[in-house]
Each structure stands twice: as C-alpha cells, then as structure tokens.
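To keep things clear, I will list the structure first and then write my remarks on it.
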Amino acid sequence: MAAVTEPVRAPRRSNIPSANVQLPAVQSYTQVNDEIIATLRGTKAWFVGLGLAITCLAIGAAAWIYQIYYGLGVAGYAPPVMWGVYIITFVFWVGIGHAGTLISAILYLFRAGFRTTIYRCAEAMTVFAVMTAGLFPILHLGRPWKFFWLIPYPNWRLIWPNFKSPLVWDVFAILTYLTVSTTFLYIGLLPDLAALRDRETHPVRKQIFSLLSLGWRNSDREWRHFARAYLFLAAFSTPLVLSVHSVVSFDFAMALTPGWHATIFPPYFVAGAIFSGIGMVFTIIIPIRRWFNLKHYVTINHLDAAAKLCLTTSLIVGLAYMTEFWVAWYSGNKVEQEYFINRVFGQWWWAAWIMLLCNMVLPLSLFSQRLRRNTTWLFILSLFINLGMWFERFVIVVPSLSHEFEPWQWTEYAPSWVDWAILLGSFGWFSMWFLLFIKQFPVIAIAEVKEIVPPPLRRAHPHEDAIDVNARHLSFETGTPGEHA
Amino acid sequence: MRGVLGVFHELDALTDAVAALKKERSGDITVYSATPRHEIEHVMAHGPSVVRRFTLIGGLLGATFGYWIAIWVSDYWPIVVGGKPIAAWVPYTIFGFEMMVLIGSLATVAGLFINARIPRLTMTVGYDPRFSDGDFGVWVACPPDKERTVAATLQRNGAVEVRSER
C-alpha cells in the first residue's frame, strides 16, 4: 500500500466523468491481490453479523412453520386484500435484484468506470435478492409443499399453463433472470477464483478453489473468449433488466383494479427497481468499504457517480408518481380519482407520505455535491430509500385491493406478527447468504481492478500524456491511503 | 507436451519477447497475464472470437423454443376466452424473448468453455501461480532442439526466469 500523504487541495469541479474514476492509491497487481484477498479473513464483526442474520432467519422460519400448521389465516389477509406483505415483499426483493445487473451489465456496456469496484457486491446482491424474492410466492401458498404445481410446464395434473397469464410470464422472467444473473456472477468470478487458488496454502481450500475456477490459467486464449462471452452476457442481461420488472408490473397492470391498470407501470417499476437496488448497494457497500479498509478502491468518486444514478432514478420515480395522479385526474374516471385521493388522504395516507418523503423528497439532497460525497448521509439515505421502496409496494398493493369498485367491499388490512416475522426472516436469509459470500469470494473483482491499474513497463507508457491527472486525483477523503496530488 | 516457460515482470518486455518468438516461428505460444491487456491481443494477432456464433445460434434456438412451447401448449389445450386467438403472438413474445436470453446466455457460456478449453482438470505443465498475481508469462511448446533458442530469446527480451518443462 502506498504511503499516506496529505489530501489534495484541488480546484473545485462540479462533475467528474464517471468513466474516468481511477484508483490512484492502487499501484500494482500484487497490491490488488494482497488487499482484496485479505478481506476473506474472518473477523469478530462478521461472525456477529452472521449470527444476527441466522437469528432473524430462524424467527422467520418459525413463523412460517406456525403458518403452515394453522393455515394462511394467520397472515393477516382480509378479503379482498389477498395480496399482503408477502407479495409486497416479493416485489421489493425483485426490485432490489435489479441494480446488480444494471451496474454489472448496463454500466459495463456504457464503459462507466465507477462500476468496476462496486459491481461484484451488486451482482451478489442481485442473486441473493432474487433468491429471497423466489421464496415469497411459496410462502404465499396455502399448501407450500405443492409449490411445483406453479411451475408452468405441460403436465398430467389437469393443470395446464395459461401462457396469456402475467403470472406465467413472471415465472419465465424471474427464473431466466436468476439463471442469467448467477451465470454472469460466476463467469466474472472465474479469474478471481484462479487467483485465490494460486494464493491458497490450505490443501482442502486450494482443491475447492481449483474445482470452482475450472482450471482457469489466465492465458491469452481464455481472455480472448472470456472478453467476448462477457460482452454478450452483458448485452443479453441489459434488456433482461428492463424486461423482468416490466413483467412483474404486468402482474398489476393487466388487472382492472383501480391504481393498477396503467400503461405507465413498466417504466415506473423498472425505474423504481433500479432506484431501490442502488439504495441497497449503498447500504451494503458503505459499511464494507469501511470495515474491509477498501476506501481506496470504492472511492468517494465512485460513490458520487452512483449517487448521481440514484438521483436520476429518484427523479424518474417521482415523475411517475406525479404522472399517476395527473392521469387519474385527467381521465375523468371517478373510481380512479377516488382511489388516488384515498391514497394520500384516506386510510393509508401515512404509507403514501412515507413513500413520497423517502423516494421523492429526501433523494433531492443528492443535488448537493457535498452530500453526495458524504458517506454517512448516503448510508442514512439508503436506509430511507429501502424503507420508502417497501412502502411504495405497500401503497400499490394494499390501498388498491382494499378500495376497489364496490364500496361495500372496502376493508381494512393489518399485517399480523407472522407477516412481520417472515419479513424479518427474509432480511436474515438475504444477509446470511451475502455474508457467507463475502467471506468466501472477493468482494471486489480482482481481475477487473487490475485492468485499470497501469501495468509495469520498462519503457514510459505511450499514452501517459493523455491521462488527466487532475481528474484522477480530485478531492479524496481525508486520510485515505495514497491520495496525493 | 514440452516446452519453455518464461516469466516477465514487465508487460512491454513480454510483448517484445512474443514478437521475437513469432518472428522466429519457434512454436505454439501461450501468453499469461492476470488481466486482459490489449497489448497482448495486438501482438498475438488472433482473429475474432467464435463465441459470437454460439451466442447467435443459442439466441435463435431459444427464441424459436419460447414461441413454440407457448403456441404448442395453447393449441394442445385450447382455452377460448372472449373469441380471442388461441395462440396470441403479442404475449408469446415474452416467452420468445426470455428463452432467447436464457438459451443464448447458456450457449455463450458453452462457447466460452469449448473455445477456452475449460474446465481443465489438471494444470499440467507451462503454468506458474505468479501469473495470477503480478507477473506475466510465455509458454512456448517446442521440440527439445529448439528449447535453447527459445530460452535465449526470452532472456534477451527481459525474462526474469526461464525454465524448460515437460
């Protein structure tokens, strides 16, 4: 690691090109290996975190067993509100799963440099979030042991898949997304697994890494085909990101229920999903960079660029909220108008205002460069975004179902302790997998970080004059190693 | 398989050595680096990767399968709703698209594995763990009578270690 020097006093510059965010404190390939592989050592805080996650999971599992024994009635459903916390949380976790592939695939195609050090975390988050989401349709079943009846394949049970149903589209979309995201994560891990294999001294772990790395040797043949395959996987994943949450939105938009039947739903859901995913990336990456001493990898410039993306998606989500109100008013449809008045002033007003405050108002703070570069604020804001996005799904699901066309059907809904326990369990399940992941695999992509580290050369680099020194060394956090003018 | 392995600290030393070896036509050259470098691609001058063909074929097969499964199931068990068509291409495009992405992605991975020749069950010869750390490497598969010439070329171009392996 380079010596600690005084932070730079560079002239104020409002914008740093996201493709130009560099790692001035990272000097050599060996340093990258040393520092990132060092994060795999177990720490007391990690064990505490894992214990907490497993405890939450156990609470959720106990609640589920209770629900299986006593039936779905314990879950707080009140007809016609038959989609409650489980479907809300399903949509929430699918949404969280969107930022990972956005960051790893779409930003890869756009050559956005700030993705390099955060995409591994985001990809892992995607896989585990979709795994978590996948539990909820099963939790939502009265007889969960017959979950395989939901899988749409021709069978002899007299249940024939209806390919015109959005729920069947959902199965295809989410399973494809899970498969492609997992593949993308694993393929990206191959060179790093080879680096772990070559460093490992414990014979059993070395054997495991040898198997997982598939005998990867960093040869020119491997890299040539790898680069092409990775590009195509990114190209496939890009429309997939857009399609999956569009399909999830069709679960709602294809119904005639007030508040749901809107053509704005696909882009509104996609923007919301990306927004919530970036929120969760901040929740995860900010503690990781601090606890694992990775501030010189995930720099303030990276977080600043990601915060701009967060702000942009927040503005799109805010526009979608306002458009929904405007369309309801402009349509002249009394039921729709009544529903939207009820949304903000009716029985669920508090949920709608939490949503608007967390997703529309608080993210406006990111117009301030100072706040974009304040990790404490970014972390706090990310918690508000997570909260706000869960309530967004609450506002979509519950008020619509509890306030449909027929006033005699209007009803109340209150999640039961089982709902809350299973919601807690889902966070435990997600956190457990994520914590296990970050102690077995590099949390930052070693091979990709090496791509942006200047290679050792005998002669002067031919493009050295073209490197924008000011952009590389602009206003870093005080005390971050190697940050110098 | 036998040949000569050279270890380099610097990238330009490696590319110089590869250029010299190619000029001498010493044997099949494999270059190792911990990260993909365009300098190595230029000096090796391979053609474009054929993984793209796997992707194309996989994507087309997937799209065809997605439409086919939806149309076949609908025709096999027709559900008539409001006089609407039994097989409706608009919603079935979702299956065509999802299957295109799924099969296309898996075919891309298959293309990578086949062309990069992984999984590799043994590390065999011609590799050094330093290549995944900070060093670069060249493996030249050549007959014994050429080993001395190859070793000299590698050393002349800055190899920090040269060894024969079999």
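For the protein sequence lines, the chains are A and B, in the order given. My numbering numbers the first residue of the first sequence as 6 and each following residue consecutively. My numbering numbers the first residue of the second sequence as 9 and each following residue consecutively. By construction, the Cβ of each residue, glycine as well, lies at the ideal position given by its N, Cα and C atoms. Only a predicted model underlies this, so the values are computations on that prediction, with no experimental measurement involved.
Using Cβ-Cβ distances below 9 Å, what residues of the stretch 32-48 of chain B are close to chain A?
Along the stretch 32-48 of chain B, going in chain order, the ones with a CB nearer than 9 Å to a CB of chain A are ILE37, THR38, VAL39, TYR40, SER41, ALA42, THR43, PRO44, ARG45, GLU47, ILE48.
Between the CA atoms of A/ALA58 and A/TRP382 - distance to the nearest angstrom:
Along the first sequence, one-based indexing puts residue 382 of chain A at 377. Along the first sequence, one-based indexing puts residue 58 of chain A at 53. Rounded to the nearest angstrom, the gap between the Cα atoms of A/TRP382 and A/ALA58 is 25 Å.
Which residues mark the beginning and the end of the beta strand (DSSP E) in which B/ALA149 is found?
Residue mapping note: residue 149 of chain B aligns to position 141 of the second sequence, counting from 1. For B/ALA149, the enclosing beta strand (DSSP E) has its first and last residue at 144-149.
Any beta carbon from chain A within less than 8 Å of B/ASP20's own beta carbon?
Reading the second sequence from its first residue, position 12 is the one you call residue 20 of chain B. Interface flag for B/ASP20 against chain A is set, since a Cβ pair is found closer than 8 Å.
Among residues of its own chain, excluding the 5 on either side of B/MET9, which ones have a beta-carbon nearer than 8 Å to its beta-carbon?
For the purposes of this step, residue 9 of chain B is taken as residue 1 along the second sequence, with counting starting at 1. Counting only Cβ-Cβ distances below 8 Å, and skipping sequence neighbours, we find THR132, VAL133, GLY134, ALA149, ARG174.
Could you tell me which chain B residues have their CB closer than 7 Å to the CB of A/TRP228, listed as they occur along the chain?
In the first sequence, counting from the first residue as 1, residue 228 of chain A sits at position 223. Ordered by position in chain B, the residues that pass the 7 Å Cβ test against A/TRP228 are PRO44.
Cut-off 8 Å between Cβ atoms - residues of its own chain near B/THR157, not counting five sequence neighbours on either side
Within the second sequence, residue 157 of chain B is the residue found at index 149, counting from 1. Annotation for B/THR157: GLU32, SER34 place their beta carbon closer than 8 Å to its own, counting only its chain and skipping 5 residues before and after.
Taking the alpha-carbon of A/TYR91 as reference, which of A/HIS145, A/HIS103, A/ALA43, A/ILE279 has the nearest alpha-carbon?
Residue 91 of chain A sits at position 86 when you count from the first residue of the first sequence. Distance check between A/TYR91 and each of A/HIS145, A/HIS103, A/ALA43, A/ILE279 places A/HIS145 closest, using alpha-carbon atoms only.
A/THR48 at chain B interface by Cβ criterion, 8 Å:
Counting from one through the first sequence, the residue named residue 48 of chain A turns up at place 43. So no, A/THR48 is outside the interface.
Look at the alpha carbon of A/TRP434 and the alpha carbon of A/PHE280, and state the distance between them as a whole number of angstroms.
The residue labelled residue 434 of chain A in the question sits at position 429 within the first sequence. The residue labelled residue 280 of chain A in the question sits at position 275 within the first sequence. Distance between the alpha carbons of A/TRP434 and A/PHE280 is about 22 Å.
Does any CB atom of chain B fall closer than 8 Å to the CB of A/ASP225?
Here residue 225 of chain A is taken as the residue at index 220 of the first sequence, counted from 1. So, interface residue.
List, in order along the chain, the chain B residues whose C-beta lies closer than 8 Å to that of A/ILE192?
On the first sequence, residue 192 of chain A is found 187 positions in, with the first residue counted as 1. By Cβ distance, chain B contributes VAL117, LEU120.
Measure the beta-carbon distance from A/SER319 to A/MET365 and round it to whole angstroms, keeping in mind my assumption that it falls under 8 Å.
Position 314 of the first sequence holds residue 319 of chain A. Position 360 of the first sequence holds residue 365 of chain A. Approximately 7 Å separates the beta-carbon atoms of A/SER319 and A/MET365; this is inside 8 Å, confirming the contact.
Could you pull out every residue in the same chain whose Cβ sits closer than 6 Å to the Cβ of A/VAL176, ignoring the five residues on either side in sequence?
Locating residue 176 of chain A in the first sequence gives position 171, where the first residue counts as 1. PRO157, listed in sequence order.
Reference A/ALA325, options A/GLY277, A/ASN347, A/VAL135, A/TYR344, closest by Cα:
Residue 325 of chain A sits at position 320 when you count from the first residue of the first sequence. Nearest C-alpha to A/ALA325: A/GLY277.
Under a CB-based cut-off of 8 Å, is A/LEU114 close to chain B?
Position 109 of the first sequence holds residue 114 of chain A. Chain B places no beta carbon closer than 8 Å to that of A/LEU114, leaving this residue out of the contacts.
Using only CA atoms, which one of A/TRP438, A/ALA452, A/TRP354 lies nearest to A/TRP51?
Locating residue 51 of chain A in the first sequence gives position 46, counting from the first residue. Relative to A/TRP51, the option among A/TRP438, A/ALA452, A/TRP354 whose CA is nearest is A/TRP438.
Could you say which of A/VAL246, A/ASP39, A/ARG398 lies nearest to A/ILE111 if we only look at CA atoms?
On the first sequence, position 106 is the one that residue 111 of chain A refers to. That would be A/VAL246, whose Cα lies nearest to the Cα of A/ILE111.
Along chain A, which residues have their Cβ under 7 Å away from the Cβ of B/LEU129?
Reading the second sequence from its first residue, position 121 is the one you call residue 129 of chain B. Annotation: Cβ neighbours of B/LEU129 in chain A (cutoff 7 Å, chain order): GLY220.
If I follow the unbroken alpha helix (DSSP H) through A/THR243, where does it start and stop?
As a first step, residue 243 of chain A must be located in the first sequence, where it is residue number 238. Membership of A/THR243 in the alpha helix (DSSP H) is indicated by the continuous run 225-258.
Can you look up A/THR304 in the DSSP assignment and give me helix, strand or coil?
Your numbering for residue 304 of chain A matches position 299 in the first sequence. Here A/THR304 carries a coil assignment [DSSP, helix/strand/coil].
Buried or exposed: which applies to A/ASN475, given that a residue is buried once 16 or more other Cβ atoms fall within 10 Å of its Cβ?
The residue you call residue 475 of chain A lines up with position 470 of the first sequence. For A/ASN475, the predicted model reports a pLDDT of 40, less than 50, meaning its position is unreliable; a value from the coordinates is still stated below. With fewer than 16 other Cβ atoms inside 10 Å of its own Cβ, A/ASN475 counts as exposed.
Using DSSP bridges, identify the partner residues of A/ALA83.
Working through the first sequence from its first residue, we reach residue 83 of chain A at position 78. DSSP, once it has assigned bridges, lists A/VAL86 as partnering A/ALA83.
If you draw a straight line from the C-alpha of A/PRO171 to the C-alpha of A/GLY393, how long is it?
Here residue 171 of chain A refers to the residue found at position 166 of the first sequence. Here residue 393 of chain A refers to the residue found at position 388 of the first sequence. Counting only the Cα atoms, A/GLY393 lies some 26 Å from A/PRO171.
Leaving aside the five residues before and after A/GLY65 along the sequence, list all residues of the same chain whose C-beta is less than 8 Å from its C-beta, in chain order.
Position 60 of the first sequence, counting from 1, holds the residue named residue 65 of chain A. Excluding residues within five positions, the ones whose Cβ falls inside 8 Å are ALA426, ILE427, LEU428, LEU429, GLY430, SER431, GLY433, TRP434.
Is there a C-beta anywhere in chain A that falls below 8 Å from the one on B/ILE102?
By one-based count along the second sequence, residue 102 of chain B stands at place 94. In terms of beta-carbon proximity, B/ILE102 lines the interface with chain A, with at least one pair separated by less than 8 Å.
By Cβ distance, which residues of its chain are closer than 6 Å to A/ASP473, with the 5 residues on each side in sequence left out?
For the purposes of this step, residue 473 of chain A is identified with residue 468 of the first sequence, where counting begins at 1. Because A/ASP473 carries a pLDDT of 45, less than 50, the predicted location of this residue cannot be relied on, and the following value inherits that uncertainty. Its chain contains no residue whose beta carbon lies nearer than 6 Å to that of A/ASP473 once the 5 sequence neighbours on both sides are disregarded.
Looking at A/LEU219 and B/PRO127, is the spacing between their C-beta atoms short of 8 Å?
Counting from one through the second sequence, the residue named residue 127 of chain B turns up at place 119. Counting from one through the first sequence, the residue named residue 219 of chain A turns up at place 214. Yes, the Cβ-Cβ distance between B/PRO127 and A/LEU219 is below 8 Å.
Pick helix, strand or coil for B/GLU169, following the three-state DSSP scheme.
Reading the second sequence from its first residue, position 161 is the one you call residue 169 of chain B. Looking at B/GLU169 - three-state DSSP - the assignment turns out to be strand.
To be precise: take each residue of the stretch 73-98 of chain B, compare its Cβ to all Cβ atoms of chain A, and keep it if any distance is under 9 Å. Which residues remain?
Under the 9 Å Cβ criterion, the stretch 73-98 of chain B contributes GLY74, ILE77, ALA78, ILE79, TRP80, VAL81, SER82, TYR84, TRP85, ILE87, VAL89, LYS92, ALA95, ALA96.
8 Å is my cut-off, CB to CB: does B/ILE65 come that close to chain A?
One-based indexing of the second sequence puts residue 65 of chain B at position 57. Chain A contact via Cβ: absent.
Go ahead and pull the three-state DSSP assignment for A/ILE111.
Here residue 111 of chain A refers to the residue found at position 106 when the first sequence is read from its first residue. DSSP, reduced to helix, strand and coil, places A/ILE111 within a helical segment of the structure shown.
Chain-order list of residues whose beta-carbon lies under 8 Å from that of B/ALA5 (same chain, five-residue window excluded):
What the structure shows of chain B is the stretch from 9 to 174, and residue 5 of chain B is not part of that stretch, so it cannot be assessed.
CA nearest to the CA of A/TRP98, picked from A/PRO159, A/MET136, A/ARG226, A/PRO208:
Residue 98 of chain A sits at position 93 when you count from the first residue of the first sequence. It is A/MET136 whose Cα lies nearest to the Cα of A/TRP98.
Beta strand (DSSP E) containing B/LEU13: first to last residue?
Along the second sequence, read from residue 1 onward, the residue named residue 13 of chain B stands at position 5. 11-16 is the span of the beta strand (DSSP E), which, as asked, contains B/LEU13.
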